[in-house]
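Residue numbering for the sequence shown follows our numbering, beginning at 11 and increasing consecutively.
All remarks here apply to the structure that follows.
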Amino acid sequence: MGHSALAAQFMMHLRYNVAQSLDGFIAPPDESTSWIVPDESIDFDALHASFDYYVMGRRTWDIMRALEPNPCLNKPPGSIIVISRILRQEEHPHIAILREGYIEYIRRLKAKGGKGIWLMGGGWLAAECLEAKLLDGLDVAVMPVLLRDGFKVVDSGLSGWYNLKLQSLEKLDGSGILMAKYRVEYDHEQIASS
């Protein structure tokens, strides 16, 4: 095994873990969350325990910090990374706020090793992490809902398309939610012709 393959083996994985509608949206235009179907069989405590860090945009952080109980608050300071041009670090000492340089920050964070990094939200952020070849996988909870409009899972504007390898698929009988886990395969990436 080569040095780069060995190093990659011990890197922390960045997974985009997100709820989406059947037609591919992570939020309607009003950014509400009432469309997300509840399912008591999902063990959110175990899910949160499987990640050391959270990375998200400001809008996702606004939604997360309003949750009761807030699953992020029991994480150590600096475990939550929010990409924002308007939040001020001194007003949010528990989180790390980045205005720029966040792609390189995520790259360094992955190299530290650990359980994992949860990319929580922002189709634009997911797109940038794909472009930088940092996103290792997508864990998608497909809701039995059609939103018809809103924010896409991954923003358009990518320079190509990406192959995903299905790793698992589970149907939650009580709610009809489909839980799909994919691995991003960069070695099979198709680049659009210019």
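Note that CB positions come from ideal geometry on N, CA and C, so glycine has one too.
Taking just the CA atoms, how far does residue j sit from residue i?
| i | j | result |
| --- | --- | --- |
| Asn173 | Ser166 | 16 Å |
| Ile187 | Ala29 | 10 Å |
| Leu182 | Leu156 | 18 Å |
| Asp33 | Lys122 | 36 Å |
| Ala168 | Trp128 | According to the sequence as given, residue 168 is Leu; it is not Ala. So the alpha carbons of these two residues sit roughly 21 Å apart. |
| Ala137 | Val65 | 13 Å |
| Cys82 | Val164 | 23 Å |
| Ile116 | Arg95 | 17 Å |
| Lys120 | Gly160 | 30 Å |
| His102 | Pro87 | 10 Å |
| Met130 | Gly170 | 23 Å |
| Ala151 | Ser42 | 17 Å |
| Trp71 | Asp197 | 32 Å |
| Asn84 | Glu141 | 32 Å |
| Pro38 | Lys162 | 9 Å |
| Ala106 | Val47 | 30 Å |
| Gly111 | Arg98 | 16 Å |
| Gly67 | Ile36 | 13 Å |
| Arg109 | Val92 | 9 Å |
Let's see if you can read the secondary structure: which residues bound the beta strand (DSSP E) around residue i?
| i | result |
| --- | --- |
| Trp171 | 170-181 |
Residues in its own chain within less than 6 Å of residue i by CB, not counting five upstream and five downstream?
| i | result |
| --- | --- |
| Trp45 | Val155 |
| Asp149 | Arg25, Asn27, Lys191 |
| Leu179 | Ala190 |
| Met74 | Cys82 |
Taking DSSP's pairing of strands, which residues face residue i in a bridge?
| i | result |
| --- | --- |
| Lys162 | Phe35 |
| Tyr63 | Ile127 |
| Ile93 | Gly67, Leu108 |
| Leu148 | Tyr26, Tyr192 |
| Met153 | Ser31 |
Near residue i, what residues of its chain come up, given a Cβ to Cβ distance below 8 Å and the 5 sequence neighbours on each side ignored?
| i | result |
| --- | --- |
| Gln177 | Gly147, Lys191, Tyr192, Arg193 |
| Gly184 | Asp49, Glu50, Ser51 |
| Leu144 | Leu24, Ile113, Ile116, Arg117, Lys120 |
| Met21 | Lys120, Ala121, Gly123 |
| Cys139 | Leu24, Tyr26, Ile113, Ile116, Leu129, Leu145 |
Tell me the DSSP secondary structure of residue i in three-state form.
| i | result |
| --- | --- |
| Ala140 | Looking at the sequence itself, residue 140 is Leu, so the reference to Ala does not match. Three-state DSSP puts Leu140 in a helix. |
| Asp55 | helix |
| Met74 | helix |
Which residues mark the beginning and the end of the alpha helix (DSSP H) in which residue i is found?
| i | result |
| --- | --- |
| Ala121 | 112-121 |
If you drop the 5 nearest sequence neighbours on each side, which residues of the same chain put their C-beta closer than 7 Å to that of residue i?
| i | result |
| --- | --- |
| Lys175 | Tyr192, Arg193, Glu195 |
| Gly126 | Met22, His23, Arg25, Ser60, Phe61, Asp62 |
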